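Letter by letter, the sequence shown follows residues 0 to 253 of numbering that gives the first Met the number 0.
All remarks here apply to the structure that follows.
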Amino acid sequence: MSVTRRSFFARAGAIAAAQGLALQAQQTQQTQPPPAKQPDPRQGTADAARYFQYFDRRSKVSLIQGENRRKNIHDALVAIDDQIRPALKAKKYVFVKPNGNESLERPLGGTQADAVRGIFDYLAPRFKGPVVFGDTGMDSAKVCFTKYGWDKVFAEYKSLDLKFEIPNEEQNHWGLMHGIDYDMHVIPIRLGVRFVDPDAFVISAAIMKTHNFVVATLSIKNMVVGAALHTPPGVGVFALSEKRQFHVGVRAGN
């Protein structure tokens, strides 16, 4: 390639100009402060409320110690009566969800009759609407009603408009939310309509407990897994069970 003196200096000048611009950009970058680190809302920073609006309205918690289960439950509810009463007035009915469906051989893991009495003791003078008491799914729910003595409790509260039902066997009435399947894909999950009814004041009457692969479910599973639509009577056990759609292993479970 033929290079004249004029073209040589022209090219040299262009290279020098490019190098100068690159050096200037580098110097500018070095003098500018690094970009501010975005706050991690999981660390409880001052800006956490901007990410999670519920931080400034945490739930009130009542803890009662004593030897009488029935009295403990009643007194715990009375201690936060100012939180419960206004919400009760805004609802058409109360839905009490006990825990006993799969604990027939482990009765200490189920909702004891005296726990139900404590709840009804609280509700009786304060709520005059219907009270739906509903365990979930499969045939054992009906067995639990007598095995745990819930039927005897019903007989003691004539002043309450009580009804026992299995709220998620009905395949024609359900609410829709989303869960995660075994392959970590988001999937639709049908829930018993009582669990998502805005007219219901929901009381989860569960025993806090451990678990085989998530260490502890406390009382969360009573609602999260208990709400999923179960197979209706007369159909294969897991044929139409929404629970089996997302209750599928360690990853999805945790």
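Idealized CB from N, CA, C, for every residue including glycine.
In this text, all values refer to a predicted model and were calculated from it rather than measured experimentally.
- When Cβ pairs closer than 8 Å are counted between the two stretches, the segment 175–183 is seen not to touch the segment 73–80, the count staying below three.
- With 16 or more other CB atoms across the displayed protein chains lying within 10 angstroms of its CB, H229 is buried.
- Distance from F200 to K90 at the Cβ level is roughly 4 Å; contact confirmed, criterion being Cβ atoms closer than 8 Å.
- Taking the Cα of R116 as reference, the smallest distance to any Cα among G109, K151, V93 is reached at K151.
- Contact check between the segment 206–222 and the segment 243–253: three or more CB pairs, one atom from each, fall below 8 Å, which counts as touching.
- One alpha carbon belongs to A154, the other to F163, and they sit about 12 Å apart.
- Taking C-beta atoms as the reference points, W173 and P97 fail to come closer than 9 Å.
- Exclusion of the five residues before and after V224 leaves K242, H246 as the residues of its chain whose Cβ lies within less than 7 Å of its Cβ.
- For G109 against C143, the beta-carbon gap comes to about 7 Å, under 8 Å, which counts as contact.
- Nearest in C-alpha terms to P197, of all of K88, Q82, E66, D81, is K88.
- Here G128 has K90, K91, Y92, V93, D160 as same chain residues with Cβ atoms under 8 Å from its own Cβ, once five neighbours each way along the sequence are excluded.
- Rounded to the nearest angstrom, the gap between the Cα atoms of R84 and Q244 is 37 Å.
- Judged by their CB atoms, G191 and N167 are nearer to each other than the 9 Å cut-off.
- Within the same chain, and ignoring the five residues on either side of I202 in sequence, the residues whose Cβ sits closer than 8 Å to its Cβ are V93, F94, V95, K96, I118.
- Residues P187, I188, R189, L190 of the same chain have their beta carbon placed closer than 8 Å to that of L175, with the five preceding and five following residues left out of the count.
- Judged by DSSP in its simplified three-state form, R105 adopts coil rather than helix or strand.
- At the C-beta level, T135 and A226 come within 9 Å of one another.
- Listed in chain order, the non-local C-beta contacts of R193 below 7 Å within the same chain comprise F94, V131, G133, P166, A199, local neighbours out to five positions each way being set aside.
- By the CB criterion at 9 Å, Y156 and P106 fall outside the cutoff.
- Counting only unbroken stretches of 4 or more residues, the alpha helix (DSSP H) elements lying wholly within the segment 153–228 are 220–223, in sequence order.
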